[in-house]
Each structure stands twice: as structure tokens, then as C-alpha cells.
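Residue numbers (my numbering): 4 to 297.
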Amino acid sequence: MARSREGGKNRLFATGDLELPESCSHFASLDQRAARLATVPGGKSTSEMRAWLGELAAEGWLFSKACWHESFRSAHHSPPNPSTLDSMVIVTRERPASLRRVARSYAEEWAAQGRRTPIQVLDDSATPESRSQNQMVLREVQAEWGVAFAYAGLSERIQFAQRLALRTGAHPGEIAHALLPTPDFRAWAQATMNRHALGHRSILEAQLSAHQEAPAFWRKDVSRYLTLLTEASQRPDYWFPLDFAADPSPKDAAAAVAGSLGQLGRMLKLWPQLREDALNMVHSGQGLFQSIDG
């Protein structure tokens with residue numbers, strides 16, 4: 004399969020539907036290419052081939068002659084500009100000796116090339132002691148080489164999750180899996196989700212007990228949502244918010260439950276985009292990594 008980015012989403016093409024050139028001997032217009040490809044036995048018509056080539060060109064699979072020449076000209080003649088280079092991310096887990104070697108290696112290269120962007124370290128260590136030791140190592144290497152380090156451990160991830168929740172309106176537990184969670188982070192997200200779900204469950208269970216005369220369809224919907232809440236408390240990557248007043252009437256509760264059940268499909272569609280947004284923020288270092296100096 005070949006992968007293409009289209010409108011911020013991944014799109015897959017079967018390799019049998021693609022021609023990936025190993026060399027370029029000449030250039031031709033899309034109309035000329037379509038006419039030639041249409042002559043292949045069992046192939047598509049010229050109009051179908053033209054539409055297909057236009058789609059590939061729009062997605063960046065096909066290069067114009069000018070674009071091809073410009074890419075080679077830039078590669079051979081554009082001088083490197085260290086100030087525009089992105090940060091390198093080091094992932095570590097309870098390996099301070101290895102972290103020291105890797106950090107020194109990157110710091111030496113950073114200093115030699117005059118880079119000013121910080122080296123980012125994503126710490127997934129399981130214990131506070133290990134995270135503290137890793138931070139001490141980074142401060143020592145930073146002082147030794149005069150380069151900047153940015154750091155993200157458990158507390159930074161939790162703070163980032165809370166900030167992202169405020170920004171997007173999502174529950175903090177909804178974005179747990181988008182932050183490459185450690186066991187500690189997963190436990191925090193799980194506990195947060197459980198507290199939220201337990202609050203709704205207690206209200207719903209009280210309503211079921213208090214309104215024995217309620218219509219059967221309402222009791223069925225409430226029971227169904229109780230099941231969803233139980234599943235949500237066990238799987239923090241799926242969450243369907245439902246807000247009740249302290250003592251809603253059966254009618255209000257029924258409307259809320261029905262509306263929440265109707266959101267099920269929409270939430271499943273929204274979750275991948277929320278996850279992608281969070282990952283983009285993580286990868287770009289927006290708010291997650293903090294200066295090792297505090």
C-alpha cells in the first residue's frame with residue numbers, strides 16, 4: 004500500500020493502482036499520459052485515466068517539470084540553515100546512563116552546528132526517583148555543553164492534558180491515549196474517568212430506584228446507558244459525556260439519555276480527529292515540553 008496525506012487525513016492506494024517511477028526520461032502533459040495509459044489492454048478509458056492522474060497530481064504524487072527542476076536546484080544549491088532545524092526528541096525510560104550518552108551525543112552535534120532549538124526529552128519512566136535522576140542528568144549535560152533541553156514527564160503530560168481539555172472542551176480522560184501514556188499516566192486518566200462515570204452512575208441508579216413507575220422504554224434507555232458508563236470507566240479512550248441536574252425528572256433524564264445515545268456515533272467519529280490534534284500538539288512541542296531549568 005502507498006500512503007498519501009489528503010486534507011489532513013491518511014488515504015491509502017493499492018500498489019496495483021500506482022506507478023512509482025524509478026527514473027524520469029521525459030516529461031508529458033497529463034492528457035498525453037492519460038492517452039498512453041488508456042492504450043494498455045484492460046485499462047481504463049482516457050477520461051478515467053485523466054481524472055485519476057489529476058487526482059494524484061493534486062495530492063502531490065506527480066511532479067511538474069518546473070517543480071522537479073526546482074527541487075533538484077534547491078537540494079544542490081541551498082545552503083543549510085541550522086536556525087530553522089526542528090528539535091530532536093529523545094525518548095527515555097529508566098536508563099540514566101544511556102540517556103547521558105545520547106544526550107551528550109546530541110548536545111555535541113547541536114553545539115557544533117550552532118543550533119538554538121532545545122533538545123526535547125520525553126520521559127516515560129515509571130517512578131518519581133527515575134524521573135528526577137533523568138532531569139539531573141539533563142541539567143548536567145546542559146551545563147557541560149551550553150545547549151538547551153526541554154523535558155516532559157508525568158506531571159507535564161497531566162498538565163498538558165488538562166490544558167488541551169480546556170482548549171477543546173474534551174474530558175481529560177478522552178485524550179489519555181493521544182499522549183503516549185505511561186502506566187502512571189494511564190492510571191491517572193483511568194481514575195479521572197472513573198470518578199466522572201461513578202457520579203453519573205449514582206444519579207442514574209437513584210433515578211431507577213425512585214421512579215419504578217417510569218415507562219419501560221425510559222428504564223431500558225437508562226439501563227443501557229449505565230452499561231455504557233461501566234464500559235467507559237474501563238476504557239478511557241471511549242467516553243460519552245452526559246450531564247444531569249442533581250435530581251432530574253424522568254422526562255428530563257430520558258431526553259438526556261436519548262440524546263447521549265444519539266451522540267455515540269458522532270463521538271466515535273470525533274475521537275480520531277481529537278487524537279490527531281493532540282498528537283500534532285505533542286509533536287510540535289506546543290505546551291508539553293518544559294524547560295529543564297523549570
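Glycine residues also receive a C-beta, built at the ideal position from the N, C-alpha and C atoms.
Worksheet item: How about F152 and P131: are their beta carbons less than 8 Å apart?
Response: no
Discussion item. Which residue wins for smallest C-alpha separation from F163, given the options F30, S32, A31, Q293?
Written reply: Q293
Practice prompt. Determine the contact status of A31 and M52, defining contact as a CB-CB distance below 8 Å.
Written response: Taking 8 Å as the Cβ cut-off, A31 and M52 do not qualify as a contacting pair.
Item to complete: Could you tell me which residues DSSP puts in a beta bridge with A31?
Response: None, per the DSSP bridge assignment.
Fill in: Pick from L59, A60, L33 that is closest to T49, judged by C-alpha positions
L33
Discussion item. Can you tell me whether S128 is helix, strand or coil according to DSSP?
Written reply: If DSSP states are grouped into helix, strand and coil, S128 belongs with coil.
Worksheet entry | Contact under 8 Å by Cβ, V144 with A110 | yes
Worksheet item: Between the beta-carbon of G156 and the beta-carbon of R134, is there less than 8 Å?
Response: It is a contact, given that the beta carbons lie within the stated cut-off.
Worksheet item: By how many angstroms is the C-alpha of Q165 removed from the C-alpha of V105?
Response: 31 Å
Worksheet item: For R103, which residues of its own chain have a beta-carbon under 6 Å away from its beta-carbon, when the five flanking residues on both sides are left out?
Response: So the list reads V140, once near-sequence residues are dropped.
Item to complete: Please classify Q123: is it buried, with 16 or more other beta-carbons within 10 angstroms of its beta-carbon, or exposed?
Response: buried
Worksheet entry | Where the beta strand (DSSP E) through A100 begins and ends | Here A100 belongs to no beta strand (DSSP E); instead the alpha helix (DSSP H) covers 99-116.
Worksheet entry | Alpha-carbon to alpha-carbon, Y154 and Q136 | Looking at the two C-alpha atoms, the distance is approximately 13 Å.
Worksheet item: Which word fits E159, buried or exposed, when buried means at least 16 other C-beta atoms lie within 10 angstroms of its C-beta?
Response: The residue is buried, with at least 16 neighbouring Cβ atoms inside 10 Å.
Discussion item. Can you look up M52 in the DSSP assignment and give me helix, strand or coil?
Written reply: When DSSP states are grouped into helix, strand and coil, M52 belongs to the helix group.
Worksheet item: Which first and last residues belong to the beta strand (DSSP E) in which A153 is found?
Response: 152-155
Discussion item. Rounded to the nearest angstrom, what separates A41 and L56 at their Cα positions?
Written reply: 12 Å
Practice prompt. Measure the alpha-carbon distance for G149 versus S101 and round it to whole angstroms.
Written response: 20 Å
Item to complete: Kindly indicate which three-state DSSP category I161 falls into: helix, strand or coil?
Response: helix
Worksheet entry | Distance between A54 and A60 (C-alpha atoms, nearest Å) | Between A60 and A54, the C-alpha separation is close to 10 Å.
Item to complete: Kindly list the residues whose CB is nearer than 6 Å to the CB of D126, restricted to its own chain and excluding five residues on each side of it in sequence; keep chain order.
Response: T95, R134, N137, G156
Discussion item. So the candidates are A129, R107, G117; which of them puts its Cα closest to the Cα of A146?
Written reply: A146 has its Cα closest to that of R107, out of A129, R107, G117.
Worksheet entry | Inter-residue spacing [alpha-carbon to alpha-carbon] between I161 and P99 | 23 Å
Discussion item. Given this structure, state the Cα-to-Cα distance separating L182 from D296, to the nearest angstrom.
Written reply: Here the model assigns L182 a pLDDT of 47, short of 50, so the residue's position is not dependable, and the following value carries that caveat. In a straight line, the C-alpha of L182 is about 23 Å away from that of D296.
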